[in-house]
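Asks:
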Amino acid sequence: MDPVVVIGTHSEGVTVLDVERLAHEEGEQVLVEINRGGLTAARWVFFFHDASELVRYFSSLSRHWRGWQGTREWKSLEGDLEIQATHTGSHVDFVVSLRSEPSWRSEISLTVAAGTDLERIADVLATTLPT
1 MDPVVVIGTH
11 SEGVTVLDVE
21 RLAHEEGEQV
31 LVEINRGGLT
41 AARWVFFFHD
51 ASELVRYFSS
61 LSRHWRGWQG
71 TREWKSLEGD
81 LEIQATHTGS
91 HVDFVVSLRS
101 EPSWRSEISL
111 TVAAGTDLER
121 IADVLATTLP
131 T
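Position 119 (the sequence shown) corresponds to 119 in our numbering; numbering is contiguous.
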């Protein structure tokens, strides 16, 4: 699979590098990478059954592109990928955390335009991740 930039750019953002169906288990794993200022962190993130909950999270953000109160959060089953989204009016601030407890944790903050950028992220995930 070719890497797919989800949020930001390849040099400063969140990228899906690979998606793998687990043959012996019900589920999938997705290789997620975050890059910022020369630092790169990557980890396989496990999804029980499929990645539809992450696709639904971003689809919901896209549907509510005009705004919401507070922070909307999503966390993977094992907590190794966490995403927080805060609407600031015309933009959405994301904080994406990737971790391999207790060894390391990496976090990136990114801002995207509400509307078309948010819709693009939801569309990219819907076509990249199996649901």
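In this text, a Cβ means the ideal position worked out from N, Cα and C, and glycines have one as well.
Under a three-way DSSP split, which group does Ser59 fall into?
Replies: It is helical.
Asks: Report the rounded CA-to-CA distance for Thr86 versus Ala23, giving the unit in angstroms.
Replies: If you take the alpha carbons of Thr86 and Ala23, they lie about 37 Å apart.
Asks: Determine the contact status of Thr15 and Val30, defining contact as a CB-CB distance below 8 Å.
Replies: Not a contact, by the Cβ cut-off of 8 Å.
Asks: Ends of the beta strand (DSSP E) at Asp117?
Replies: Run containing Asp117: none in the beta strand (DSSP E); it sits in the alpha helix (DSSP H), 116–128.
Asks: Can you name, in chain order, every residue of its own chain whose Cβ lies under 6 Å from the Cβ of Val45, other than the five neighbours on each side?
Replies: Val30, Val32, Ser76, Asp80, Leu81
Asks: Can you tell me which of Val124, Asn35, Thr128 puts its alpha carbon nearest to the alpha carbon of Ser62?
Replies: The shortest C-alpha separation from Ser62 is found at Val124.
Asks: List in chain order: all unbroken alpha helix (DSSP H) runs of 4+ residues lying wholly within the stretch 35–87.
Replies: 52–63
Asks: Give the single residue among Ile34, Arg21, Leu39 whose Cα lies nearest to the Cα of Asp50.
Replies: For the residues Ile34, Arg21, Leu39, the minimum Cα distance to Asp50 belongs to Arg21.
Asks: Around the C-beta of Ala113, are 16 or more other C-beta atoms found within 10 angstroms, so that it is buried, or is it exposed?
Replies: Counting Cβ neighbours within 10 Å, Ala113 comes out exposed, since fewer than 16 surround it.
Asks: Considering just the uninterrupted stretch of the beta strand (DSSP E) at Ser100, what are its terminal residues?
Replies: 91–100
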